[in-house]
Amino acid sequence: MPTERPSAAEGEVGGAGEPEQLTLPGLAPPRKRARKTGVGGDALIPAENLPVAQVAVDVPAAHLDRTFDYLVPATMDAVAQPGVRVKVRFGAQDLDGFVVSRSDASGHDGRLSPVRRVVSAERVLVPEVLALCRAVANHYAGSLADVLRLAVPPRHARTEAEPHVADGVPLPPARSSADASSPWAAYAGGEAFLRHLAQGGAPRAVWSALPGRWTADGDDPTVASEGWEELLVDAVLVARRAGRGALVVLPDKRDVDRLSRALDAAGLWQDAPGHARGHYVRLLADVGAEQRYRSFLALSRGEVSIAIGTRAAAFAPVPDLGLAVCWDDLDQSHAEARAPYPHTREVLALRSELTGCALLVGSTSRSVEAQALLASGWAREIAAPRDVVRARAPRVRAMTSVELASEGPGAAARIPSAAWRFVRDGLTRGPVLVQVPRRGYIPVVACQRCREPARCAVCHGPLGLPADGGAPQCTWCGRLAAAWRCSECDGTALRSVQVGSERTAEELGRAFPGVTVKVSGTGTASGVLDLVTSKPALVVSTPGAEPVAAGGYAACLLLDAAVLTFGTGLRVRQDALHRWISAASLTRTPSDGGQVMVVGDGDPVVTGALVRWDPAGLAARDLDERTELGLPPALRVGALTGARPAVEAMLARLRLPDGGAVLGPIALPGQDGTGSRQGLLGDDEEPVRAIVRVPRGQGRALALALKEAVAVRGARREQGHVHVQMDVAELV
174 MPTERPSAAE
184 GEVGGAGEPE
194 QLTLPGLAPP
204 RKRARKTGVG
214 GDALIPAENL
224 PVAQVAVDVP
234 AAHLDRTFDY
244 LVPATMDAVA
254 QPGVRVKVRF
264 GAQDLDGFVV
274 SRSDASGHDG
284 RLSPVRRVVS
294 AERVLVPEVL
304 ALCRAVANHY
314 AGSLADVLRL
324 AVPPRHARTE
334 AEPHVADGVP
344 LPPARSSADA
354 SSPWAAYAGG
364 EAFLRHLAQG
374 GAPRAVWSAL
384 PGRWTADGDD
394 PTVASEGWEE
404 LLVDAVLVAR
414 RAGRGALVVL
424 PDKRDVDRLS
434 RALDAAGLWQ
444 DAPGHARGHY
454 VRLLADVGAE
464 QRYRSFLALS
474 RGEVSIAIGT
484 RAAAFAPVPD
494 LGLAVCWDDL
504 DQSHAEARAP
514 YPHTREVLAL
524 RSELTGCALL
534 VGSTSRSVEA
544 QALLASGWAR
554 EIAAPRDVVR
564 ARAPRVRAMT
574 SVELASEGPG
584 AAARIPSAAW
594 RFVRDGLTRG
604 PVLVQVPRRG
614 YIPVVACQRC
624 REPARCAVCH
634 GPLGLPADGG
644 APQCTWCGRL
654 AAAWRCSECD
664 GTALRSVQVG
674 SERTAEELGR
684 AFPGVTVKVS
694 GTGTASGVLD
704 LVTSKPALVV
714 STPGAEPVAA
724 GGYAACLLLD
734 AAVLTFGTGL
744 RVRQDALHRW
754 ISAASLTRTP
764 SDGGQVMVVG
774 DGDPVVTGAL
784 VRWDPAGLAA
794 RDLDERTELG
804 LPPALRVGAL
814 TGARPAVEAM
824 LARLRLPDGG
834 AVLGPIALPG
844 QDGTGSRQGL
854 LGDDEEPVRA
864 IVRVPRGQGR
874 ALALALKEAV
884 AVRGARREQG
894 HVHVQMDVAE
904 LV
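Start counting the sequence shown at 174; every next residue gets the next number (our numbering).
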């Protein structure tokens, strides 16, 4: 332990020094070996002022989740300041860490080890971000070290050595909120939000954004007029003209690119090396370590005050942050895949409470969690009146059973006759978007004789058929199943259960010869497309991979509605509506002929919300149902997954807050992604899961109780593994 490790420096600080080794007659006295400290000959002289550094060491173990005291050598006094990276001795190894503070003395009675090395004098961990990381760790029952890995990017030494660039040009004027032409004027509460923001206030709002106006003859046909990008630019400018910084976190690079184009169109340009200082930086994981760190330093040094980026940008050290925006919080990209699994919306909500910055949670849809913020009074709603919604949202038609009955034998087809006519009419006016829930050719197959779903003999994942007509293949592990045989009836023939985007594109191509057919989605030959032209074409896409069409799509066909709307998860309905609205928002307005059709016998509650363009109504309904049933987000939940003995032992010591309850543990199949597939359990161990739930107001107490239980397990080095996660996605 670093606070117990002997240090030669302590003999010079006033301790007793090292004991003298006795000599034996006839033998030479032992030679004194200089201890390697890595800090030079004067390293053992402590700093005169504040000689003790509190260091957050990079150890994720829960029982070590605290700062440790180290001695600051005099030679490092000027550079070992709060926020810098250091190397310290921890046990038998040198580990990375951050100096979080300095003090006159240590509360530890033993000997202190010296700081081994200051990696860089750059203060990359600012106090505001440190406080946020601690709050996130406590909120999600995680460790500070895990959150710091998400918040501070790896160092790039060459970038630190680059000369600073002078300030850029002044900001362009913001659009007046009193101007009737302001796009925020279409929303009740929109202009009031901007006024409060301009006055230096900290309003918090949930914004239901309308689809933009797509025009092929605009300045940039890939950016919708009065779309969400244009309104976010206005809000960012208001915050900056009030002298404060702005942060916008978006789901993926395509959304970041769209906002970048809108910022450029408003007279703001990106900060780039070798040029005058820009107005904003982009924080993306796929731009490379050098560029990411350069953008990070521009913020931490206070040289740039606007940041846009993906989920890790929620921790960006924006100076004097005045506005934080989470765009499209229903997108799954906002949920971090690494421990402690924070969500962008929750991180920014915590940041708003800690720093007093304004918060805007915006989407064309509405999450139940965002609705809960409104219901609690924590945030206010920004939404357009119904007459404005009807004028801006495309007309949506859902094929009812009565309409399908009139189709005759074609009613049972996956794409009924009315849908073929809908597509044909759309192609006369421009490109048509076809959304398919599944990628691939035939992603799910079943036994032709007994209809039992076909599964892999190794991992039990679903089998699918590739486009080349080859052998069935597992969609989980990729193994071929050429000799597949049904476990129920011993049959060997397969039939398709679901049709993927590639097979759909093939069918559409045969039905419309001479029309260009494009496929967009991960795993396809063309990948995810960003843009298509305004020429007539069929664009087949999976949810979330829809490209923007120059001037907007003439029509949008949403297939296989039942696949998206029926399931056992709590998020099924809101996720289905979110995917549909995201695609439909790329369609032209009703005045320009934009139309949407839903096919596939979907849940009438969801299809009705789409027809009315009422995501807020569906979110309010779901929240009421969950509150009545005692489900999240009315409650907060924690999931414990692992071997049964380990989970039961942890539950036995868990100090459950008032009003808490334990459900389970119950056995889980190994293919659920939390057990043996991640190597957490042995091959002969069956994973189980227990759910702990408490009232919303006791959520922090539950997180701290789980964190304490995990720490006790780690300190005692108990056998078995228990994976702990707050607000696990399968439940919320």
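Ideal Cβ positions, reconstructed from N, Cα and C, are used throughout, including at glycine. Because the structure is a prediction, the values reported are computed rather than measured.
Quick one: measure Cβ to Cβ for residue i and residue j, integer angstroms, because I've assumed they're closer than 8 Å.
i    : j    : result
S674 : S714 : 7 Å
G725 : L759 : 6 Å
A792 : R553 : No, A792 and R553 are not in contact; Cβ-Cβ is about 15 Å, not under 8 Å.
H751 : L503 : 4 Å
V736 : P589 : Actually they do not touch by this definition, with Cβ atoms about 16 Å apart.
V883 : A235 : 4 Å
A822 : R866 : Contact doesn't hold; Cβ gap of about 20 Å is too wide.
A727 : G687 : With a Cβ gap of about 17 Å, A727 and G687 do not count as contacting.
Below 8 Å CB to CB, which residues in the same chain sit around residue i once its five sequence neighbours on both sides are set aside?
i    : result
P645 : V618, A627, L636, G637, L638, L653, A654, A655, W657 and L667
G837 : V861, R862, A863 and I864
C623 : C659, E661, C662 and G664
V701 : R427, S693, G694, T695, A718 and P720
V944 : What is shown of the chain runs 174 to 905, which leaves residue 944 out entirely.
A888 : H236
A757 : P384, A566, P567, V569, C729, L731, V769 and L783
G682 : V688, V690 and L711
Are there 16 or more other CB atoms within 10 angstroms of the CB of residue i, so buried, or fewer, so exposed?
i    : result
D831 : exposed
S660 : exposed
G742 : exposed
A439 : buried
R455 : buried
P604 : buried
E519 : buried
D459 : exposed
K708 : exposed
Q505 : exposed
Given residue i, which residues of its chain have a CB within under 6 Å of its CB, disregarding the five upstream and five downstream residues?
i    : result
T689 : A710
M899 : Y313, A314, G811 and A876
A351 : Reliability of the predicted coordinates at A351 is poor, the pLDDT of 48 falling under 50, and the value obtained from them is presented with this limitation in mind. Excluding positions up to five away in sequence, the list is empty.
Y514 : Q898
By DSSP, does residue i sit in helix, in strand, or in coil?
i    : result
W380 : strand
D242 : strand
H896 : strand
E193 : Any reading at E193 needs caution, since the residue's pLDDT is 47, under 50, leaving its predicted position unreliable; the model's value is listed next. In the structure shown, E193 sits in coil (DSSP, three-state: anything other than H, G, I, E or B).
R862 : strand
Q621 : coil
P788 : helix
H452 : coil
L829 : coil
C647 : strand
T814 : strand
F739 : coil
A353 : Per-residue confidence for A353 stands at a pLDDT of 49, beneath the threshold of 50, marking its modelled position as unreliable; the derived number appears in the next sentence. If DSSP states are grouped into helix, strand and coil, A353 belongs with coil.
G887 : helix
G211 : Residue confidence for G211 is low, a pLDDT of 40 falling below 50, so the modelled location carries little weight and cannot support an answer.
A481 : First, the residue type needs correcting, since residue 481 is Ile and not Ala in the sequence shown. Three-state result, I481: strand.
A531 : strand
A902 : coil
R474 : coil
T760 : strand
W657 : coil
R869 : helix
Y360 : coil
G837 : strand
E554 : strand
H516 : strand
Just to confirm my understanding: we take residue i, look at its own chain, exclude 5 residues before and 5 after, and list those with CB closer than 7 Å. What are they?
i    : result
P868 : L808 and G832
W551 : R377
Worksheet entry | Three or more C-beta pairs below 8 Å linking the segment 807-820 and the segment 781-788 | Between the segment 807-820 and the segment 781-788, the count of Cβ pairs shorter than 8 Å is below three; the stretches do not touch.
Discussion item. Taking contact to mean 3 or more Cβ pairs, one atom from each stretch, closer than 8 Å, check whether the segment 319-332 and the segment 399-417 are in contact.
Written reply: As far as the Cβ criterion goes, the segment 319-332 does not touch the segment 399-417, which means the pair count is below three.
Discussion item. Using 8 Å as the cut-off, can you tell me whether the segment 229-241 makes contact with the segment 264-275, which would need three or more C-beta pairs spanning the two stretches below that distance?
Written reply: Yes, they touch.
Discussion item. Quick test of the definition: if touching needs 3 or more C-beta pairs under 8 Å, does the segment 270-285 touch the segment 219-229?
Written reply: Yes, since at least three Cβ pairs between the segment 270-285 and the segment 219-229 fall closer than 8 Å, the two stretches touch.
Discussion item. Quick test of the definition: if touching needs 3 or more C-beta pairs under 8 Å, does the segment 238-246 touch the segment 279-286?
Written reply: Taking 8 Å as the limit for Cβ pairs, the verdict is that the segment 279-286 does touch the segment 238-246.
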